[in-house]
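Novice:
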Amino acid sequence: MRLFMLLYAPIATAVAGTGVIAVLALGHVSLTPILLAAAVGAVLAIPVTWRVAREIG
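Mapping the sequence shown onto the numbering used here, position 8 (from 1) lands on 47, and the numbers just tick up by one.
1) Looking at the unbroken alpha helix (DSSP H) that takes in GLY80, where does it start and where does it end?
2) With 16 other CB atoms within 10 Å as the buried threshold, where does ALA22 fall?
3) Is the beta carbon of ALA55 sitting closer than 8 Å to the one on ALA84?
4) Using a Cβ-Cβ cutoff of less than 7 Å, which residues in the same chain neighbour LEU46 once the five nearest sequence positions on both sides are dropped?
5) Cutting at 8 Å between CB atoms, please list the residues of its own chain near ALA76, excluding the five before and the five after it.
Shown next, in the form of structure tokens:
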């Protein structure tokens, strides 16, 4: 669980940032799509982090 918590911050930042960049690249520059992409990225980072932590530890 501790490894999960240590890995979540950088993985969530990377996944959410990728989503925001994708939304901006599609031309959606208003606040709602940007926040939605960041929120979806933060949620999608949970299973990704769990899988990475399980493989490491």
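For each residue, glycine too, the CB sits at the ideal point set by N, CA and C.
Specialist: Concretely, from the data shown:
1) Taken as a continuous stretch (DSSP letters only), the alpha helix (DSSP H) holding GLY80 covers 70-95.
2) As displayed, the chain neither begins before 40 nor continues past 96, which places residue 22 out of reach and without an answer.
3) Yes; because the gap between Cβ atoms is below 8 Å, this pair is in contact.
4) Around LEU46: THR88, VAL91 and ALA92.
5) Closer than 8 Å at the Cβ level, and outside the excluded window around ALA76, lie ALA55, GLY58, VAL59, ALA61 and VAL62.
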